[in-house]
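Structure first, then comments.
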Amino acid sequence: MVAILHNLVGLLHANMAIYYAYIDRAPVFIIGATGPMDETKRRPRIDWIHTALVQGEAVRPYTKWDYQPHTIDGVPESFARAYAVMMTEPRGPIYMCYDAWLQEQQLDHDVPLPPKSSMKVPAQFPADPAALARAAGAATDTGTRKTGTCARASAARWWRTSRRRTCSTPWRASSAAPSTARRSARPTWPKRCAGSARSSAAACSGSRRPRR
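Here it is in structure tokens:
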């Protein structure tokens, strides 16, 4: 929504409406004007009573952003930024103020427009499906080549850690066996030491066999 206010008096008259737009989080693009900032360009009385030093101060506590460009080249970029700020959640009104004398001057050169990226609106606070899809696609493209390598490295680290932890445990006979059968009870081999006899003996060289 766009609202055009008549100079300083129109802004003060719309003060309450701007406040309600702010508490309702309504995106309202408010355009106003002020008298010539150059005192030598002001007409007697009328321009003086319609001019404020910083006109946006009148509504700054309940607008998301306010700005007053001082050159014609600063108008397009500030306009684009104002739109992006207004549409960013939580939305709200913004106020753009333009110098009356600047508006009356003839345009003597081409004013470049800002790039389209300057009007980008961030994603909403809740999960945005389009943003999630873009992030997932980027992660898939960059991580496809590394997935297999990372998985193998993670498995190797887990194997070395678990083997070291398991093989440091000494052999033990089953304590639940009766005293008459304890002699024939075989020691419990660590699971990670299973394999060839040489590799098991080398990995578990610090362990002792239980006495019979």
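Going by my numbering, the sequence shown opens with residue 2, and the numbers climb by one from there. Backbone N, C-alpha and C fix where the C-beta goes; we use that ideal spot for every residue, glycine too.
- Rounded to whole angstroms, the gap between the alpha carbons of ALA15 and TYR21 is 10 angstroms.
- Within the DSSP bridge table, the entry for TYR96 names ILE31, ASP67 as partners.
- Take the alpha-carbon of ALA59 and the one of VAL10: they are about 11 angstroms apart.
- In the DSSP secondary-structure assignment, ILE5 is bridged to ILE32.
- Secondary structure at ARG82: helix, using DSSP grouped into helix, strand and coil.
- When rounded, the separation of the alpha-carbon atoms in ALA101 and ALA131 is 43 angstroms.
- Per DSSP, reduced to three states, the secondary structure at ARG135 is helical.
- Secondary structure note for ASP25: it is in no alpha helix (DSSP H), with a DSSP letter that is neither H nor E.
- Non-local C-beta neighbours of LYS65 in its own chain, meaning closer than 6 angstroms and more than five positions away in sequence, comprise VAL86, GLY93, ILE95, ordered along the chain.
- Contact check for LEU12 against GLN69 fails: the beta carbons are separated by 8 angstroms or more.
- A residue is called buried when at least 16 other Cβ atoms come within 10 angstroms of its Cβ; MET97 meets this threshold and is buried.
- No Cβ-Cβ contact shorter than 8 angstroms links VAL3 with ILE47.
- A distance below 7 angstroms between beta-carbons, with the five flanking residues on each side excluded, links ILE5 to the following residues of its chain, in chain order: ILE32.
- The Cβ atoms of THR52 and GLY36 sit closer than 8 angstroms to each other.
- Excluding its 5 nearest sequence neighbours in each direction, ALA83 has C-beta neighbours in its own chain below 8 angstroms: PHE30, TRP66, TYR68, ILE95, MET97, listed in chain order.
- LEU103 is a Cβ neighbour of ILE73, given a cutoff of 8 angstroms.
- A straight-line Cα-Cα distance of about 16 angstroms links ASP109 and PRO77.
- Taking all protein chains in view, the Cβ of ALA139 is surrounded by fewer than 16 other Cβ atoms within 10 Å, so the residue is classified as exposed.
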